[in-house]
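Just below is one structure, and these are the notes that go with it.
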Amino acid sequence: MATSAPVRASRSLKIPTRLDRRYLPVVGTFVVLALMLIVGGTRYENFLTPAVVSNLFINNAHLIVLAVGMTFVILTGGIDLSVGSVLALSTVVTAALLQAGLPPAVVIPLAVGAGTVIGLAHGVMVHYFQVQPFVATLAGMFFARGLCFLIAPESIAINNASFGELASWVQIFGGWRMSSGVLIALVVVGLGFLVLHFTRFGRTVYAIGGGEQSALLMGLPVARTKVLAYVVSGTCAGLGGLLFAMYSRSGYSLTGVAMELDAIAAVVIGGTLLTGGTGFVLGSVLGVLVLGLIQTIITFEGTLSSWWTKIVIGVLLLIFVALQRILTLRRT
Amino acid sequence: SDAGGEPAGGGETTGGGADDGVITLGFSQVGAESGWRAANTKSIQDTLTEENGFELKFSDAQQKQENQIQAIRSYITQGVDVIAFSPVVETGWDPVLQEAKAAGIPVILTDRAVDSSDETLYESFIGSDFVKEGEMAGEWVAEQYDGEGYKAVELQGTTGAAPAIDRKEGFESAIEGTDVEIIDSQTGNFTRAEGKTVMEGFLNKHDDIDLVFAHNDDMGLGAIEAIEAAGMVPGEDIKIVTIDAVKDGMQALADGKINYIVECNPLLGPDLADIAKKVIAGEEVEKRIVVQDEAFDQAAAKEALPTREY
Amino acid sequence: MTNILRHYLFWPVAALVALLVANTIARPSFLAISIRDGHLFGAPIDILRTTAPLLLVALGMTLVIATRGIDLSVGAVVAVSGAVALSHIASSPNPESPVTVLTAIGLALALCLVLGVWNGFLVSVLGIQPIIATLILMTAGRGVAMLITGGMITTINSAPFKVLGSGFWLGLPVAAIIAFGVFAVVAFVVRRTALGMLLEATGINPAASRLSGVRSKTLTWTVYTASGLFAGLAGLLISADTMAADANNAGVFIELDAILAVVIGGTALSGGKFNLSGTLVGALVIATLERTVTVLGISPLVTPLFMALVVIAVTLLQSPRMRERLTAATRRPVATTPPEPQPAARPDSTEVKA
Amino acid sequence: MTQQTAAAVVEMTGISVEFPPVKALDGVDFRLRPGEIHALMGENGAGKSTLIKALTGIHSPTAGTIVVDGVERRFTGPADARAHGVSTVYQEVNLCENLTVAENIMLGAEPRLLGGLHWSAMRRQAASHLERMGLNIDPASSLGSHSLAVQQLVAICRATVGDCKVLILDEPTSSLDTDEVAHLFTVMRTLRDEGVAILFVSHFLDQIYEVSDRMTVLRNGGLVGEYVTADLPAAELVQHMIGRSMEVLEAAEEVLEHTERPADATPLLQVVGLGRKGSVQPFDLELYEGEVVGLAGLLGSGRTELARLLTGADRADVGETRVAGAPARLRTPRAAMSHGIAYTSEDRKGEGVVDGLTVRENIVLALQARRGWIRPLPRKQVDDLVASYIKQLGIRPANPEALLRNLSGGNQQKVLLARWLATAPQLLVLDEPTRGIDVGAKAEIQKLVADLAAEGMSVVFISAELEEVLRISHRIAVMRDRRKVAEIDGGGATMDQVVDLIAGGGAK
Ligand SMILES: Nc1ncnc2c1ncn2[C@@H]1O[C@H](COP(=O)(O)OP(=O)(O)OP(=O)(O)O)[C@@H](O)[C@H]1O
Ligand SMILES: Nc1ncnc2c1ncn2[C@@H]1O[C@H](COP(=O)(O)OP(=O)(O)OP(=O)(O)O)[C@@H](O)[C@H]1O
Ligand SMILES: [Mg+2]
Ligand SMILES: [Mg+2]
């Protein structure tokens, strides 16, 4: 019975010589993004300039933060439809409280915290009541939007001086510009990356996406992790709202309608599977840049009617996804 | 995707001047959410043509402020001569307008105002006065029906949108002191379909509606459908007052199904062209240019209909 | 008792009844149906009619969801359908002729079928994730609709077409007859043939289904095509309702309503077992909810809050956890499974190894 | 009959678990002592897994007490159980395929650096755990890239990480070959000698007798008794388990029926140079009517992959296929099915069960898929078919409307078998069909296979249990390193002969 080890020697896995398959979609997105930048650069004057690239980040800082939070939720196999509304809620809260004369040091935690609380509610509904994430967060979406209207049906300008200072802080290096919003977004991306890859919480997020049942039977803290993923997303949406308030210096209850779709699209374009378990924050950032680039191209084109704008966005999206798909397929 | 394809030539890339006589104007439209908006866009595109000495860069923000801000930023980096836009929201434009100012590019607002403490950030604002429109509608109602104890329902525009807020405010202030009473008010999101569903609900709920005030023609047209389906005669059993005066609305007015329409003129192109030229030439322009809005009753509509442009 | 409580239709039906009761309290004659102009008239009839397009869209959505997919493009397809049909009628010399109207309907449905085929192609052949695949058409489709109408709202006068939206047959709204009829036929086909089971198998375990010889790709393709077609039909009903094709606003957010209807009806978004009867109740709940907002006179400012609370209440009550609690309360304690292991609704190994 | 040696570390008394209307456990007592290997025995569906799950808090019993280490406890779940020193490897592999092997082993007890995961230490520690299990794989590779058997071993590695007092192994050996099993037993014995209490479930009687000290037998959710292994002869054990005598087992002994095949017979399926890059080297194989061909090989030798190429589950890069003499392209399972070829995957959970459907639906799935959706099988025919298979294979509960996910592992396996038998194939490729099936049913299945062959069906039989392959096959193809290395006649072959071939021509 007991024959032993030596026969098994030949079976060790061969060292991967090529890129790990898991990185393929992200690399795919990156390649397509680079291609698009180059094509744009040859097609439009002033396109491939530091100013345009800087603006890509400045204009999308809030979306980057949303996408980071969304990545957590999608990695667990869930989805968060509320982020657009929560972002609006946070901008409205920021604007309304600043208008009421509270100092930013008080307002900012409240605005972000509003997102955290809603995220917590989502997590509890999804995990403890087993409401499907899509529905729980859809309800959250209506709820946050409703709160926006209650707080401020009309748009509110932000005139607070110290908030304005914070918002308009810009660092310039040559043609490159970095706003406070971008800086915060990059910090969030860095944190997101660290948390996902270097904490047990992060790895459990992946484990749940790979199989919730398995994660549970492995004795991983599924409940806590799942709830926390929604809390992260809610908090990111709150922070995104703050960034948007800094970006637009106002609070408006109709902000961010359908922005959740942008965030989800960014995450998925960045190579994360909606079924959960595979994907990277950095991919999501690339996804945001892809969407931003599409907008930029549209503006540079400058001749598109409203309907061609929509069609071209769709077509560019298709090209991105299809190219990424082809790049991924051919390697497997 | 052809015209913009060639690398842009000549002097259009540097801001400030229009040495070659052609004015490059970057226009950021709100979106294409209604027929009114489409007419507005068309007017601008038809006026700011090469024959008229313009090169128009147009972009559609799809109702998103962030798209609009990014479009304006992009116009600044592209170095257009003039920037014009219809803001999605009133607030939040200071930073980007400051950037435009710093780059020496004049800005003109159309259709909707911005809420800014610094009036020097833009040259001029061309557009209707939404409060005034609501007032005109309300005044007509007060004049016609005061003393008859009319019960009115209101079909509001998109919750939170400036025209909806202002028109409601204007209408309410105008009927104050009369015995016209608004018994119900609900949003119809400026669309015909929702106008119809909401009106159906009102008809289920109230037996005694005398008047509908709709924030735009489309919702009014939807209400007409609902009223007819309930076996009543729009314009007779239930009076209808709306704002906009788009073609379908005017037709319904002429047909007697609507009783009064306050115009909201979308043809801002000529005014915009005019102001842009003046601004480039360094002439003084008025800060606020209120577009002439007419109002039509049924007789006036029959007369005006054949010659309406939109 | 317990069995009724456990039934997947219990809470959706309870929600529907609760809404009707709330309406009746606010407006005692709410449920009254009278006869006007030779047809039935009243709030319940209106609700049936306004449910019609949503029901069609939700029907297609249910099938798509059964295969673990989602179709975000239905709203855009609704817009395209209306745009095509009305543009054709508007440009024809004889808008009142039934031939014109039938051609318009045929054209619209054919194009929507093609759009459905396109979605199916992206999902089943290219293997793009459904949410993104259909997001493409969701964006571009509206553009196409606007391209067709030139960005204006196309309005027509055509009696035969108007029948689709506001006509009555045997005293009932034609729109409702069409939608409920299509629904019944599809439900019959799905449940009387093996289609339903094969769809469910595909949704639950694609890999196992493939090995069992189920044509998963073809089935997936078929459901997206069907979804496109039903959305197209819904688009016709919607545009006939107001006799206008509004490329920008027709069917906006109908995908969310449809998904909500499916979920309220007890079908899990993770695919597999689906309940068409649940979807029917779900669609009625949503249409009634919209009507309730008006009848209760809820201010537009709090409407979203109200909707959120209703949705939260319904979904919490019918959540597996809550059902367990309720059944546990009505019988002696039994082995309960903690919340975690249940999501077996989402089988763990999900990827098809192609 | 039990002697009190040491204080029990786990003591379960009067445990009942219900899944209305099924009473899965009814007042069962169970005791586990430190430093023993305790086998839990019973037929499929007897309640073994349920007892384990009741202990670790996945199911909460309706009655009974659980005392762990002298303290009465109701664990809230596996995490809680683990925290109290109870580690479990559940019946199906329950790991995350998307994570690396190292993470699967170490998560929960991961080494840390500055508050974050210490990846290199994690890989190092994982590697040492793997080594102990005799596994030589890259800890940084993703788990999904490994075969089920490897995954099973990884799951066991995970359970032995950290300080566990109680180690529970629910059918860990069902997909392992002798070699791996031997390794596992070495590890188990070491742990036992360190004082760990080990609960072990297996349907292999020889393994039970080899490794266990004591056993508890369950039948139909009830306790039959606790025995000292050495004192209980196998025949008696079987009797306790199935409530009948040993005869069933003996019946299977002489199943093999050697009919001479005519020299000029056309093979039912003939493949020449069939292969796929990165999976199996090109091989030739002929399968004849009425013949059972066994595939023997070590874990990972490519048996499964060969089977998948034969049946269109994977697409071959090179080679030709002939069905009944005519060239055929088997590019999909569906195409293979249309030629009467059926394949049951070894991966029950991933590629076999449709767990949200009922037993009935699972059984008719393949048959219905072949007919197409338009022509549903008449309900009467379905019911008869399902009823007959439930009876023939002894599927329990005998309720066609039960959801498959609520069946015990072994019963799920039987349902899968029924699915394929229902299609009445000409060639049936069975990849580990007896995995997790109890002794009685296993004998039934072997007999069934022999009968089917006698009726003219051609069968390819893969099993980790070499003995079973030898017993049942007319011919045996031996695989090594993803290559078919030999083909021998089943009748004359001896165990040693095959083991030599498998191991590389008598390396030792
Ligand atoms: N979640 C559940 N819902 C309903 N019934 C269940 C559930 N889990 C198990 N059962 C039933 O409980 C009984 C015992 O199952 P269990 O899995 O414990 O058997 P087992 O002894 O482990 O069998 P096997 O050897 O096949 O693994 C079976 O009849 C099974 O159908
Ligand atoms: N010990 C191992 N080390 C590395 N990889 C392995 C090992 N065992 C199996 N594999 C991988 O798993 C796959 C197993 O191949 P396959 O399942 O065809 O083998 P098998 O002979 O059927 O083995 P099993 O007994 O697991 O069914 C191979 O692709 C191989 O890469
Ligand atoms: Mg078991
Ligand atoms: Mg195998």
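Chains as they are written, first to last, in this note's numbering: chain C, 1490 to 1821; chain F, 118 to 427; chain G, 15 to 368; chain E, 72 to 579. Glycine is no exception: its CB is placed at the ideal position from the N, C-alpha and C atoms. Because the structure is a prediction, the values reported are computed rather than measured.
Range of the contiguous beta strand (DSSP E) that encloses residue i
i: F:TYR377; result: 377-380
i: F:GLU172; result: 171-177
i: E:THR159; result: 157-160
i: E:ASP502; result: 498-502
Contact under 7 angstroms by Cβ, residue i with residue j
i: C:GLY1831; j: C:GLY1698; result: One cannot answer for residue 1831 of chain C here, as it falls past the ends of chain C, which runs 1490 to 1821.
i: E:THR392; j: E:VAL351; result: no
i: E:VAL142; j: E:PRO105; result: no
i: F:LEU370; j: F:ALA340; result: no
i: C:THR1626; j: C:HIS1611; result: yes
i: E:LEU438; j: E:ALA493; result: yes
i: E:VAL258; j: E:LEU111; result: no
i: G:PRO109; j: G:ILE103; result: yes
i: G:ILE241; j: G:GLY89; result: The question names Ile, but residue 241 of chain G is Ser in the sequence shown. Cβ distance not < 7 angstroms, so G:SER241 and G:GLY89 don't count as in contact.
Residue i in three-state terms, based on DSSP
i: C:ILE1800; result: helix
i: E:LYS595; result: Outside the displayed range of chain E (72 to 579) lies residue 595 of chain E, so it cannot be described from this structure.
i: E:GLN352; result: strand
i: G:ARG346; result: Its pLDDT being 46, under 50, G:ARG346 is placed unreliably by the model, and nothing is read from it.
i: G:PHE44; result: coil
i: C:VAL1515; result: helix
i: F:GLY128; result: Bear in mind that a pLDDT of 36 at F:GLY128, under 50, signals an unreliable position, so the model cannot answer this.
i: F:ILE360; result: strand
i: E:LYS236; result: coil
i: G:VAL27; result: helix
i: E:MET204; result: coil
i: E:CYS228; result: helix
Delimiting residues of the alpha helix (DSSP H) encompassing residue i
i: F:LYS394; result: 386-397
i: C:THR1626; result: 1622-1640
i: E:GLN568; result: 566-574
i: G:MET321; result: 317-331
i: F:PHE307; result: Note, F:PHE307: premise wrong, no alpha helix (DSSP H); not H, not E.
Residue i CB to nearest heavy atom of ligand 3 below 6 angstroms
i: E:GLY480; result: yes
i: E:GLN162; result: yes
i: E:SER120; result: yes
Cβ-heavy atom distance, residue i to ligand 1, below 6 angstroms
i: E:ALA95; result: yes
i: E:GLY116; result: yes
i: E:ASN477; result: yes
i: E:GLY113; result: yes
Exercise for the section: Identify each residue in the segment 60-77 of chain G for which the Cβ-Cβ distance to at least one residue of chain E is less than 7 angstroms, and report them in chain order. Expected result: none
Practice task
Taking only beta carbons into account, state which residues of the segment 198-222 of chain F come closer than 7 angstroms to chain C, listed in chain order.
Solution key: VAL206, GLU207, THR208, GLY209, ASP211, PRO212
Problem - Under 7 angstroms (Cβ pairs) to chain F, residues found in the segment 1620-1645 of chain C - result: PHE1638, PRO1642, GLU1643, SER1644, ILE1645
Exercise for the section: With 7 angstroms as the C-beta to C-beta threshold (strictly closer), list the residues of the segment 302-324 of chain G near chain F in chain order. Expected result: GLU304, ARG305, THR308, VAL309, GLY311, PRO314, LEU315
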